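Residue numbers (UniProt numbering): 1 to 595.
Backbone N, C-alpha and C define an ideal beta-carbon position, used for all residues, glycine too.
Every value quoted in this text rests on a predicted model; they were computed, and no experiment measured them.
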Amino acid sequence: EAAEEPEDAPDPSEEDDVEGQWESESSASSAEDGGVPEASEPLGEEEDEEEDESHLVSCFPGKSHNHSATKYVPPQVRKAQETLDEKKREELGRLKKMVNGLINRLSEPNLSSVSGQMEELYMANSRKDMNETLTDVLMNACVTAVAMPARLIMEHVLLVSILHHNVGIEVGAHFLEAVVKKFAELCKSDAEGKECENLLALIAHLYNFHVVHSLLIFDILKKLVSTFTEKEIELILFLLKNVGFSLRKDDALALKELITEAQRKANTAEKKFQDQTRVRFMLETMLALRNNDMRKIPGYDPEPVEKLRKLQRTLVHSSGSGKETQLRVSLESLLSADQVGRWWIVGSSWSGAPMINDTNSKTQQKLHIGKMSSKIMELARKQRMNTDIRRSIFCVLMTSEDFLDAYEKLLKLGLKDQQEREIVHVMLYCCLQEKTYNPFYAFLANKFCEYERRFQVTFQFSIWDKIRDLENLSATAISNLVSLLAHLLRTKSLPLSVLKVIEFSELDKPKVRFLRQVLSMLLIKTDAEELNDIFVRVSDNPKLGMLREGLKLFLTHFLLKNVQAQKSAEEASLLKERVELATKALQAKESKLKL
C-alpha cells in the first residue's frame, strides 16, 4: 500500500508521474527483497543524477547502466489496473456479504434452500473466489475462543458436505486444508481458548459426513498420542467421543493399534501427570470403543449425526453413498500441499518451486553419475557417447552390480519420450561392442520389454536398423546380435514378427547366415511347448502371410541343408524334429484363415 501512495497523488505533469512511478517501484522492490528500506534523505546532487539517468534509460531502452532497470508502466495502464483491482475488490466484498447472509440464516429446516442458493452462487462466480470466501466465512463463524454448540458446527459442516458432493470435491478439499493447517498451527502454540476443540470438531464432522476418509483422523490421533500432554489427552477424548464408533466400523485394526500405543504411552508417562484421572478416563473410553460398549461413554449420543445424515442423503444429487467422493488424504500431504501439490484434487494445477528443484537435483544426480569415475568417462568418450543422457546411461550400464540394479538405476534417471529411447540405443550399442557375448544386456532388455510396451517397440525398430545394416557390422557384433535376438524371442519379449523386415526373396549371404544362426539357436535352446507358442503367435495374422511362407521355405531348404555335415547326429536329429514342429505351428491356423 505504501508503494502505491505516489501513484495516488495528483499528477502535475507526466514527468512528475514518471518520477513517482520509478520511486514507487524501487521502494516496492526493496521491500520484496526483504531488505529494510533506508530512511529518506534530502535529495542531493548524486540522486538527481541517478534520476536523470533513469529518464535516459526509459527513453533509450538499449542503454545499459549499473542499476537494474525497472519496467516503465504508462499512467493510463496503471489507472486501468487500479480500476480493475477496485472493481474486483467490490465484487468480492459483495460476494462475501451474500455468503455471510446465507450462513447467518443457516439451520436444519432451511438447509435445502441455503445449499441451493450456494450452488447458484458457485455457478455464477469463480470457484476459487467462492471457495476462499466460503472458507473464510465458515472459519470466522465456527473457530472462536469459546466452545461452539455441537449442533451449529454439524449444520455448517453438513452444508460443506452437500456442496462437496453436488458442486465438486475442490469445495471440501479447500475447506479441509484450511481447517487442518489452522489446527496444526494452533496446536503448536499455547492458546488458552477453545479454538483447537472447534477445529477438531469441524474435522470430525467432515469425516462423519463423508468428506474425508478415516486415514486423516487416525493420522491426527497418532500425532496427539505421540505428544501425549494434558491438552492432547483432552483432544483425543473429544475426537473419540465424536467419531470413535465410526472409526471402529471403518478400520478396527488401526483403532486397536492406536489403543495399544496409547496404553504404552500412558504406562511410560505415569509420573509425568499429577492428575491421573483424565488418563484413566481416556483409556477406559478406548476400551469401551474396542468392546463396542456405548454405555460407558458419558454423553455419547449418535442421534443428531444420524438425523443429519438422512437429511444429507435427500439433498445430495448423486445416487451413491458418497463414499466415492471421500478425500483419502493424509495429514502430512495436507500440511505440505504448498510444497508438493494437491494430488487429491483432480485437475489441480501447481507451479511450486520445490518440484523444479527436484528435477534440477535429478539432473545434477545424472551429471554426477557421469562424473563418478574419470576412467568410465574416458571409456564413454571413446564409445562416442556424445550427450549427457547417453553418458549417464552408459555409466549406469558399466557400473551396475547386475541387470536388476541397472534396471532400477535407469528408471530413476527419470527420462521422458525421446530421451527414454536412448536407453535402448545405448544398450544395443554396448551389447554389440562386447568382445564376447554378455547375457547381462539380454536380461536387462527383457526387463524393459516387460515393463512397458513402448520399450518393446523401440527394441524392434533398433534391431530392424541393425538387420538392414548387417553387411557393415563386424563378425563379433553379428554374433552378439544373434544371441540377443534369440534370447528376446525365446523369452517372448519380442514376437517372431520382428523378422518380417527381412525380404526372403532377396536374401544375401550375411542375412542368410544371420537368420540361420538365430533360428538354429531358437529351435535348439527352446522347449517344444514354448517353441510351439512362439510360432503359433504369427500363424493367425493375415498380414504376416509373406513372413510365414518365407520362414517355412527357409526352415526346410536353408536350415536343414548340409545340417548333417555341420552338426552332430544328435543335434541334427533334434533340429529336424524342431523344424517339423515349427512348420506345423506356422500352418496351425492357416487353414482357418483361408476358409
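Here H557 is exposed. Its C-beta has fewer than 16 other C-beta atoms within 10 Å. Per DSSP, reduced to three states, the secondary structure at L327 is strand. Within a 10 Å sphere around the beta-carbon of E155 sit 16 or more other beta-carbons, which makes this residue buried. By the Cβ test, the region 131-145 is not in contact with the region 289-300, since fewer than three Cβ pairs between them sit closer than 8 Å. One Cα belongs to K409, the other to E120, and the distance between them is close to 52 Å. At a Cβ-Cβ threshold of 8 Å, L163 and M118 count as neighbours. Contact between the region 310-319 and the region 168-180 is absent, with fewer than three C-beta pairs closer than 8 Å. Ranked by Cα distance from I220, the options I233, K492, L253 are led by I233. Shortest Cα-Cα distance from R516 to any of T133, F554, R278, F394 involves F554.
The continuous stretches of alpha helix (DSSP H) do not include P149, and DSSP gives it neither H nor E. For H317, no alpha helix (DSSP H) segment is defined, and its DSSP state is neither H nor E. In the three-state reduction of the DSSP assignment, V160 falls in the helix class, which pools H, G and I. At the C-beta level, L481 and L432 come within 8 Å of one another. Distance from the CA of A528 to the CA of A406, rounded to the nearest whole angstrom, comes to 32 Å. Around I423, the same chain offers I393, L410 as residues with beta carbons nearer than 6 Å, after the five sequence neighbours per side are excluded. Where Q276 is concerned, there is no enclosing alpha helix (DSSP H), because DSSP gives it neither an H nor an E. K500 is classed as buried because its beta carbon has at least 16 other beta carbons within 10 Å across all chains shown. In the structure shown, the three-state DSSP call for V212 is strand. With fewer than three CB-CB distances shorter than 8 Å, the region 279-287 does not count as touching the region 127-135. Under the three-state reduction of DSSP, E503 is assigned to coil, being neither helix nor strand.
Within the region 470-551, the alpha helix (DSSP H) runs of at least 4 residues that lie entirely inside it are, in chain order, 475-490, 509-525, 528-536.
Secondary structure of K416 (DSSP, three-state): coil. Inter-residue distance for Y300 and Y451 is about 53 Å (C-alpha atoms, whole angstroms). Counted as a single uninterrupted DSSP element, the alpha helix (DSSP H) harbouring W464 occupies residues 453-468.
By the neighbour-count criterion, in which a residue is buried when 16 or more other Cβ atoms sit within 10 angstroms of its Cβ, G550 is buried.
Straight across, the Cα-Cα distance linking M148 with E82 is about 41 Å. For the pair H210 and Q326, the CB atoms are nearer than the 8 Å cut-off.
DSSP places F228 in no alpha helix (DSSP H); its state is neither H nor E. Bounds of the alpha helix (DSSP H) holding K79 are 75-104. Taking M130 as reference, the option from V396, K97, R105, K576 with the minimal CA-CA separation is K97.
In this structure, Q587 is the residue among G101, I389, Q587 with its C-alpha nearest to the C-alpha of L544. Across the structure, K576 and K447 are spaced so that their CA atoms are roughly 32 Å apart. For I297, the three-state secondary structure derived from DSSP is coil.
In this chain, the alpha helix (DSSP H) harbouring L134 covers 127-142. Assigned with DSSP and collapsed to three states, E571 falls in helix. The beta carbon of S330 is closer than 8 Å to those of L215, L216, D219 in its chain, skipping five residues each way along the sequence.
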